[in-house]
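S.K.: The structure is given below, and queries will be raised subsequently.
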Amino acid sequence: MILSEKIKAQHEADDVLNTQLHHLFKKVNGYIELEISQKRTALENVLIPETLATHQNRLHQAGFQQTSVWFQCFNFSSIIAVK
């Protein structure tokens, strides 16, 4: 299974940096500040990021024997899980 999620870093400073870099990435790719702000507002208190370890523990509890991060960009991570 492949699980892709927004993740929370272990250190708050890393979360702040990743968010800034992600917003800069959006600006460079043509998003305007209003669009970035509206998306952030729409996801507040809806998408609540959890740590990578939390996701991996949950996968192990669901019976997956092996988990591995195979892609990560800013604060988004894709985990491959094998039963």
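Okay, so the sequence shown: first residue is 936 according to our numbering, each after it adds one.
Just so you know, even glycine gets a beta-carbon here, dropped at the ideal spot from N, CA and C.
None of these values were measured; they are calculated from a predicted model.
Name, in chain order, the residues that DSSP records as bridge partners for S1013.
M.R.: BP columns for S1013 point to S939 and F1006.
S.K.: If the criterion is Cβ atoms closer than 7 Å, does the pair I937 and L987 meet it?
M.R.: Not a contact, by the Cβ cut-off of 7 Å.
S.K.: Whose CA, out of L952, A1016, N1010 and G998, lies closest to the CA of E940?
M.R.: Closest option to E940, Cα to Cα, is N1010.
S.K.: Should the segment 974 to 987 be called in touch with the segment 941 to 956, which here means at least 3 C-beta pairs below 8 Å?
M.R.: These segments touch.
S.K.: Count the other CB atoms, across all protein chains shown, that sit within 10 Å of the CB of I967; report buried if there are 16 or more and exposed otherwise.
M.R.: Exposed, because fewer than 16 other Cβ atoms sit within 10 Å of the Cβ of I967.
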